[in-house]
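Novice: Right, I'll just put the structure down here and ask away after.
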Amino acid sequence: MTDKISRRDFLKLAGVGAATTAVLTGCGPASRYVTREPYVKMPEYTYNGLSTYYATTCRECSAGCGLIVRTFQGRAIKVEGNQNNPVNLGKTCARGQISLHGLYNPDRVQNPGKHVRGENVFSSDKGAGFQELTWLDVTNIVADALTKNQPDEVAFLVGMAPDHLFDLVTDLTQTIGAPAPVRFGALGMFEARTTLMKAAQELFGQSGLPFFDIGNADLVISFGANFLETWLSPVAQTRGYSQLRKGKNGRRGYFVQLEPRMSQTGAKADEWVPLAAGSEAPVALAIGRLLAEARGISLPPAFANADVNAALSAAGVNPESIQHLVDLITASERPVFIPGGAALAQNNGLQTAEAVLALNAFVGNLGQSGGVFLSAIAPLADEYHRPASAKEMADFVGKLKSGRVKTLFIHGVNPVFELPKSLGFADALANVPQVISFATFPDETAVQADYVFPDHHSLESWGYQKVATGASSSVLSGSQPVIVPFFNTKSTVDVLLAAAQQAGGSLAAALPFKDEVEFLQSKLVNLINESDGFFSAPEINTFTAYFQQHGGWWKTTDDRVAPSSADVLNRSLNAAAARLDGDGEFFFVPFVSPILGEAGANKPWLQEVPDPTTTVMWNTWVEINPDTAAKLGVDNGDVVKVTSAYGEVEASVYKYPAIRPDTIAMPFGQGHTAYGQFAQGRGVNPADLFGASMNEAGDLAFAGLRVRVEKTGKTKPLARMESALGVYGFDAK
Amino acid sequence: MSTDLSVPVFTNQSEEELGGKWGMVIDQDLCTGCQACVAACSMENNIPFVGETDAAYGRSIQWIRIERFWQGSFPEVKMTPYQPMMCQQCHNAPCEPVCPVFASVHSASEDINLQVYNRCVGTRYCANNCPYQVRVFNWRDYADARVRPELVTLQNQLNPDVTVRRRGVMEKCTFCIQRIRHTEDVAKSEGREIRDGEVVPACAQACPADAIIFGRIDDPNSRVSQAGLASRGYHQLEELNLLPRVTYLKGESNNGSNG
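The listed protein sequences derive, respectively, from chains A and B.
Count the first sequence with my numbering and you get residues 2 to 734, in order.
Count the second sequence with my numbering and you get residues 47 to 305, in order.
Given below as structure tokens:
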């Protein structure tokens with residue numbers, strides 16, 4: 002990489018690309034050496050008063066939406082969607098918009114350092130809990146950890162983004178013979194991705210993450226899938242929803258949501274069927290049986306066990322509503338059935354996923370427009386590397402507990418907060434002699450670390466994300482720094498590469514890269530000869546320049562795979578309702594806050610964005626049906642104690658009219674004990690109530706809980722956007 | 047010697063007035079209530095967060111908000127379609143005549159309501175008179191890093207095209223006037239008219255469902271004019287005859303209720 006491309010050459014190349022907006026790539030590959038310059042010596046393209054735009058990728062979740070970030074004299078001003086990226090086509094969600102509050106967050110870890118476990122201090126000015134180090138020390142510490150331990154004494158736990166780090170760590174662990182990195186993310190847990198993929202594997206005989214073509218369907222029946230909120234790829238699915246409503250030939254698509262608590266997604270449905278938690282599998286199979294009867298065809302084995310009356314009584318819905326659904330499906334040309342995370346997070350979740358996928362096969366939409374596909378495999382990927390299930394995390398925790406792991410590296414995930422306490426992650430860390438965190442923010446897991454070597458924020462980072470689902474084509478979303486790093490942070494990829502060189506031997510030989518960009522190019526070079534990309538280039542420097550300019554590389558083909566329907570309906574499926582855990586009088590529905598997601602609580606503006614259904618800001622609430630609240634003698638703002646067999650939390654009541662009287666719901670996202678001034682000590686974490694019971698696929702059965710609710714006598718009003726007089730009139734609190 | 051006593055005829059027309067008339071269409075059937083517009087607006091327009099306590103007092107500063115109401119009770123409960131609500135840029139704006147210092151004035155060229163921050167003395171008469179409740183007041187110095195040290199790093203994000211407001215000033219949606227001006231300048235320097243869809247306010251740009259359409263409503267062929275002709279179109283509080291510039295398309299969804 003000595004023959005750096007000159008800026009002039011790069012601009013010539015960039016002029017060739019048909020970019021509609023002037024998207025600069027920061028001088029091509031050479032820009033990694035850009036430093037913060039005084040105003041009198043700005044780079045040539047920075048004119049006073051004119052903005053510079055960079056294409057990059059959002060990392061607020063792992064969907065991989067493309068961004069165009071407006072910068073102004075070295076500062077990131079505004080995030081917009083990248084109109085060319087097939088995942089989001091120029092659109093963003095609230096979390097993406099407010100990622101700038103992560104970038105400029107005052108609570109970021111600003112220097113690398115040695116940290117005293119349990120101390121919520123990440124700066125040497127603030128106490129003895131943190132002793133700052135230089136990045137040279139960091140290289141030595143990481144190199145020692147990689148060389149002085151036996152290979153199986155090193156473990157890596159990484160998040161669902163970014164993928165280039167996952168690839169590097171995979172290469173690194175293979176070279177030293179260490180166990181492969183474990184990936185985890187709370188969204189993966191709440192979406193029960195493992196269950197969905199296992200069901201697809203078992204029914205279709207093919208592995209892959211299912212893709213639901215909402216936009217081209219004319220009837221969507223969703224079993225609790227919150228696809229307009231955080232599920233899989235929310236921006237792409239919202240586009241699909243918009244297309245569904247606009248309809249083909251002016252015929253507006255219809256949408257039915259079956260779930261115990263009306264979610265933001267459910268609020269957009271034409272019909273809401275409030276079935277009881279855990280009754281999704283029998284209801285899906287009952288629909289299959291009634292559909293077969295309506296069509297006058299013989300009952301396939303998949304629906305043979307269905308018992309319509311038992312399903313209706315388990316679901317607690319009236320028979321007409323199910324019959325009505327069957328009529329809708331019969332009248333529809335392109336129906337699609339979607340299994341959501343909460344429906345699968347039951348002890349019979351795998352049965353539910355299979356039952357819902359079988360309905361799709363029964364209406365013949367597999368591989369059809371408006372139906373079910375397997376998502377396109379991203380460029381550079383052999384398959385989709387899903388996050389670990391709760392079972393796999395429990396095994397990992399067991400390994401940490403056994404003391405075999407001497408050094409644990411953690412990046413991009415906050416398991417101490419996200420995993421249920423019952424899995425004992427935080428306790429297991431006590432048996433790991435050295436915990437190294439690469440946290441950008443001072444999260445709960447970093448509090449338990451011995452070292453914190455902060456990574457750049459995603460908007461200061463290089464990288465790529467292999468898009469798991471959302472686009473019909475195969476997409477690699479590319480990241481590049483939009484500003485010079487704001488604090489004394491360092492890319493984790495650079496830290497690991499430097500440590501590999503320091504370690505020498507086979508590791509240095511296997512990872513002979515001077516820096517992160519060289520590593521990225523070693524991966525991207527595999528795409529140069531691909532013919533069906535939307536751009537191609539004869540050599541790597543030009544390819545990288547285009548890759549930066551356009552914010553990634555994707556194919557122009559439809560790369561979704563049509564699942565095989567051969568054997569789907571011949572499997573017999575179990576029609577029993579889920580077995581619930583605990584003896585409380587209420588079903589418990591935890592859901593990911595549509596605004597905060599898993600890690601948004603440290604961004605102040607995101608805290609102040611009202612929840613779409615309750616309009617609550619800055620806190621955690623418990624949704625209780627108004628009739629139930631009256632029976633319990635509680636009103637809006639009264640604090641109740643929610644107790645499961647595994648834990649208890651206290652939060653204020655929000656009287657929510659669209660929830661079953663036998664069900665309560667709580668949002669996940671708050672309840673941090675660290676994570677900066679805007680998150681810490683705010684609300685509660687419903688994951689504290691979760692048990693450790695799992696479904697057959699190994700996903701956590703978090704929605705299969707029964708809880709008790711008690712009045713505490715305390716009152717703490719919630720900040721909410723709607724009038725404090727509420728929507729119930731002047732007499733209510 | 048006679049004096050010409052005839053008064054010049056006031057035509058209520060000016061050269062300026064022949065300029066762009068901007069308007070918006072919001073499709074409530076498509077709006078998913080995701081709040082991307084609220085977030086995008088706050089980032090574009092330097093809108094500060096006010097914190098939990100002030101937010102609970104209803105002092106949060108949001109130029110656009112998503113309204114929703116409930117109808118009925120379980121199980122026949124319905125949520126009305128999500129309704130993004132921002133300044134409707136009324137032609138007959140009730141906020142304007144009540145301002146004693148002409149801080150709330152009408153722009154003849156764009157036919158939108160301007161808020162002149164350095165004239166505003168904070169009487170809040172305009173907010174009192176706004177039937178849409180879309181004007182928001184700076185009860186404290188929410189955006190001042192000298193008062194709120196947590197903003198010292200966050201203020202790097204501020205948009206240099208938009209004024210940062212201080213305590214005692216009323217503010218509201220401007221239809222992203224800085225973006226309109228910028229596009230006008232670009233078009234002028236290139237010696238052409240502004241193309242339809244060239245000006246996109248932050249809310250419309252972010253909206254994942256494409257529920258917000260913005261453009262010139264004096265051009266009958268523009269996308270926004272065409273969309274506004276739909277039979278589902280209506281204006282909020284139409285009976286007040288304020289001639290708002292925002293047309294809503296009635297939502298058909300949300301559990302069968304028709305907003």
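In this text, a Cβ means the ideal position worked out from N, Cα and C, and glycines have one as well.
#1: Does any residue of chain B have a CB that is nearer than 7 Å to the CB of L90(A)?
#2: Nearest chain A C-beta to G79(B) closer than 7 Å, yes or no?
#3: In the region 193 to 206 of chain B, which residues sit with their C-beta less than 7 Å from some C-beta in chain A, listed in chain order?
#4: Is N626(A) close to chain B, meaning its C-beta is less than 7 Å from at least one C-beta of that chain?
#5: Could you pull out every unbroken alpha helix (DSSP H) segment of at least 4 residues lying fully inside the region 296 to 341 of chain A, listed in chain order?
#6: Over what stretch of residues does the beta strand (DSSP E) that includes E649(A) continue unbroken?
#7: Checking contacts by CB at 7 Å: is E122(B) closer than that to chain A?
#8: Can you find a CB in chain B that lies within less than 7 Å of the CB of A720(A)?
#9: Counting Cβ pairs closer than 8 Å, one from the region 477 to 485 of chain A and one from the region 500 to 512 of chain A, do we hit at least three?
#10: State buried or exposed for P182(A), treating a residue as buried only when at least 16 other CB atoms are found within 10 Å of its CB.
#11: Could you check what DSSP says for Y255(A) in three-state terms: helix, strand or coil?
#12: T664(A) by DSSP, collapsed to three states: which one?
#13: With the cut-off set at 7 Å, would you say K712(A) and S653(A) are in Cβ contact?
#14: For S566(A), report the span of its beta strand (DSSP E) as first-last.
#15: In its own chain, which residues sit with a C-beta less than 7 Å from the C-beta of P320(A), not counting the 5 before and 5 after it?
#16: Candidates S573(A), A270(A), E154(A): which alpha carbon is nearest K403(A)'s?
#17: Would you report the Cα separation of N432(A) and K400(A), rounded to the nearest angstrom?
#18: Which class does R22(B) belong to by DSSP, given the choice of helix, strand or coil?
#19: Nearest by alpha-carbon distance to D145(A): which of E393(A), A305(A), A499(A) is it?
#20: Any C-beta of chain B sitting closer than 7 Å to the C-beta of Q324(A)?
#21: Between G65(A) and S478(A), which are expected to be in contact by the criterion C-beta below 8 Å, what is the C-beta distance as a whole number of angstroms?
#22: Please list, in chain order, the chain A residues whose beta carbon lies closer than 8 Å to that of V96(B).
#23: Return the CA-CA distance between L276(A) and V593(A), expressed in angstroms with no decimal places.
#24: With a threshold of 7 Å between beta carbons, is A312(A) in contact with chain D?
#25: So, under 8 Å CB-CB, L528(A) and W622(A) are touching, yes? Tell me the CB distance rounded to an integer number of Å.
#26: Quick check on Q435(A): does DSSP put it in helix, strand or coil?
#27: Going residue by residue through the region 678 to 723 of chain A, where are the continuous beta strand (DSSP E) segments of at least 3 residues, counting only ones entirely within it?
#28: For K467(A), which beta-bridge partners are listed by DSSP?
#29: Which chain A residues are close to C249(B), counting only those with a beta carbon under 8 Å from its beta carbon?
#30: Any idea what DSSP makes of V182(B), helix, strand or coil?
#31: Say whether chain A places a C-beta atom closer than 7 Å to the C-beta of V84(B).
#32: To the nearest angstrom, report how far apart L158(A) and L188(A) are at their CA atoms.
#33: Answer with yes or no whether the minimum CB distance from S264(A) to chain B is below 7 Å.
#34: Counting C-beta neighbours from all protein chains within 10 Å, is the total for N164(B) 16 or more, i.e. buried, or is it exposed?
#35: Identify which residue in I411(A), F397(A), L90(A) has its Cα closest to the Cα of R405(A).
#36: For a contact defined as C-beta to C-beta under 8 Å, what are the partners of R111(B) on chain A?
Specialist: With the given structure in hand:
#1: no
#2: Look at G79(B): its C-beta is under 7 Å from a C-beta on chain A.
#3: E196, V198, T199, L200, N202, Q203, N205, P206
#4: Chain B places a beta carbon closer than 7 Å to that of N626(A), counting this residue as a contact.
#5: 309 to 316, 320 to 332
#6: 649 to 656
#7: no
#8: yes
#9: no
#10: Its Cβ being crowded by 16 or more others within 10 Å, P182(A) is buried.
#11: In the structure shown, the three-state DSSP call for Y255(A) is strand.
#12: In the structure shown, T664(A) sits in a strand (DSSP, three-state: E or B).
#13: no
#14: Unbroken run through S566(A): none, as it is neither H nor E.
#15: L313
#16: Position check: residue 403(A) holds Ser in this sequence, whereas Lys was assumed. The shortest Cα separation from S403(A) among S573(A), A270(A), E154(A) belongs to E154(A).
#17: 10 Å
#18: Since the first and last residues shown for chain B are 47 and 305, residue 22(B) lies out of range.
#19: A499(A)
#20: No, no contact with chain B.
#21: 4 Å
#22: Those within 8 Å of V96(B) in chain A are E609.
#23: Rounded to whole angstroms, L276(A) to V593(A) spans 20 Å at the Cα level.
#24: The structure shown contains no chain D; the protein chains it does contain are A and B.
#25: That pair is no contact at about 47 Å.
#26: strand
#27: Fully enclosed beta strand (DSSP E) runs of 3 or longer: 706 to 716.
#28: L477(A)
#29: Those within 8 Å of C249(B) in chain A number zero; the least Cβ separation is about 10 Å.
#30: strand
#31: yes
#32: 16 Å
#33: Against chain B, the CB of S264(A) has no partner CB under 7 Å away; the residue lies outside that interface.
#34: exposed
#35: F397(A)
#36: P611, M722
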